[in-house]
DNA sequence: ATTATAGTTGGACTTAACTTTAAGTCTAGA
DNA sequence: TCTAGACTTAAAGTTAAGTCCAACTATAAT
């Protein structure tokens, strides 16, 4: 039932330094201390710890996570605020994931681009004549292939 | 056809400081200089700049982006290496997106959790009797609802 | 010719999120 | 009782990615 900082660190696969840093930054006000002043984590604390690591994964700065933890400890009168906070984070995360999907699309187009270059033995097959600029029609073609149902992951696949 | 650092900064919506920093870190070795020593960007450079911003979006550190740019400037003999580099980034990005989806799932479960709490007027509806620990059966129930085809985005929706 | 604006450099500063150090305390086992 | 290992704190150090400053140069418009 009670866990030391070292045990928690191992279980969450983070360092004790990090846990103490979080505590200093106000993320762990719920952690008890024993007579010797050492931190004593309880099972219920893992709910908070899971939330903290989720918000961290979502890209929130430590300070904002602290704000949320404060709301949690303030009791039922902050239920609405907590809901709104999470809804905002959901929205932000949706946007971030859409951006990453866009990045992924670019990566796949570039893989296809290099697949063509490797097969031709030279990057110039992708350039406009007498330039070092990528032929815009090529990207159009890639987009068309994807729009026509090709798997963008496969399009750039290359066996050597 | 030629662009100043300020024009490029505006077009990419980043600061001139950032562009100079990238240059200092070796990300822009392809940029020309005029007689006065000022950077002169050409149209072809935007291919590189787009790639840089994509890799940045993907979360790559500036140094690794520099490595890739170096490969690009080394000519056709690095085509394979460049392909592999991009394939690795694609893989890493897939993993990151999966992790973010997991984070999103958690956020939506918590929204549902708070929706219940708000409707009951107290968070205790979510706890195991006589504890402050979340009832594990509740999360099971949420997972079940999602597995049964409910939209997790809707499940936590709350009108007030 | 003067002035405003945009560019140059090297180097210092900032912020976030750790990470380490120093100096000391506590606890369990030989 | 002694020692190893885990803990405590405050404070300093690190790293990444900018961000800014000082001192200077170049260009364009009045």
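Residue numbers (our numbering), protein chains in the order written: chain A, 142 to 301; chain B, 142 to 301. For each residue, glycine too, the CB sits at the ideal point set by N, CA and C.
Going along chain B in order, which residues have a C-beta closer than 7 Å to the C-beta of residue i?
{"i": "residue 263 of chain A", "result": "217"}
{"i": "residue 184 of chain A", "result": "274"}
Starting from the beta carbon of residue i, find every residue of chain A whose beta carbon is closer than 7 Å, and list them in chain order.
{"i": "residue 205 of chain B", "result": "In chain order: nothing, as chain A lies at least about 14 Å away."}
Please confirm if residue i has its CB atom under 8 Å from at least one CB of chain A.
{"i": "residue 288 of chain B", "result": "no"}
{"i": "residue 174 of chain B", "result": "no"}
{"i": "residue 279 of chain B", "result": "no"}
{"i": "residue 224 of chain B", "result": "yes"}
{"i": "residue 199 of chain B", "result": "yes"}
{"i": "residue 284 of chain B", "result": "no"}
Would residue i pass as an interface residue toward chain B - the criterion being a Cβ-Cβ separation below 8 Å?
{"i": "residue 299 of chain A", "result": "yes"}
{"i": "residue 228 of chain A", "result": "yes"}
{"i": "residue 267 of chain A", "result": "no"}
{"i": "residue 220 of chain A", "result": "yes"}
Check for me: the alpha helix (DSSP H) holding residue i runs from which residue to which?
{"i": "residue 283 of chain A", "result": "277-288"}
{"i": "residue 155 of chain A", "result": "Run containing residue 155 of chain A: none; DSSP gives neither H nor E here."}
{"i": "residue 295 of chain A", "result": "293-296"}
Give the residues of chain B in contact with residue i, contact being defined as C-beta atoms less than 9 Å apart.
{"i": "residue 166 of chain A", "result": "Correct list: empty, because the minimum Cβ distance to chain B is about 20 Å."}
message = Any C-beta of chain B within less than 8 Å: which residues of the segment 235-261 of chain A qualify?
response = 235, 237, 238, 240, 241, 242, 243, 244, 245, 247, 248, 249, 251, 252, 255, 256, 258, 259
ask   = In chain order, which continuous runs of the alpha helix (DSSP H) of length 4 or greater are located wholly inside the segment 198-244 of chain A?
value = 203-214
query = In chain order, what residues of the segment 142-156 of chain A put their CB closer than 8 Å to some CB of chain B?
reply = Answer set for the segment 142-156 of chain A: empty.
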